[in-house]
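Enquirer:
In our numbering, the protein residues as written are 1 to 91.
Here it is in structure tokens:
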């Protein structure tokens, strides 16, 4: 358990397995890799085609967590749409 805002020992998950087979992968990339893959030097980006959140490796721990949580919200939103499109949920 982490207390008092101490983030030692916390790591960004490499994969999240959501119900009904929807998986969200995470990679930490060097700035040059980020630009090569996405055309820009983003701090982070959600790529629906690869089901992957890419995060710039050189960011501070606090910034990585902020970017990860932001991109995770995009991924979860796409999961919700996927559930609707699969007929699992009603929109």
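All C-beta atoms, glycine included, are put in the ideal place defined by N, C-alpha and C.
What is the DSSP secondary structure of residue 29, counted as helix, strand or coil?
Expert: Note: residue 29 maps to strand in three-state DSSP.
Enquirer: Let me make sure I understand the geometry here. Which of 88, 52, 62, 86 has the alpha-carbon closest to that of residue 74?
Expert: When each option's Cα is compared against that of residue 74, the closest is 52.
Enquirer: By Cβ distance, which residues of its chain are closer than 6 Å to residue 30, with the 5 residues on each side in sequence left out?
Expert: So the list reads 57, once near-sequence residues are dropped.
Enquirer: Which residues mark the beginning and the end of the alpha helix (DSSP H) in which residue 78 is found?
Expert: Its alpha helix (DSSP H) spans residues 61-85.
Enquirer: Tell me the residue span of the beta strand (DSSP E) that contains residue 44.
Expert: Segment 44-47, the beta strand (DSSP E) holding residue 44.
Enquirer: For the candidate residues 36, 84, 55, whose alpha-carbon lies nearest to that of residue 12?
Expert: Out of 36, 84, 55, 55 has the C-alpha closest to the C-alpha of residue 12.
Enquirer: How big is the Cα-Cα spacing for residue 21 and residue 71?
Expert: Approximately 19 Å between the Cα atoms of the pair.
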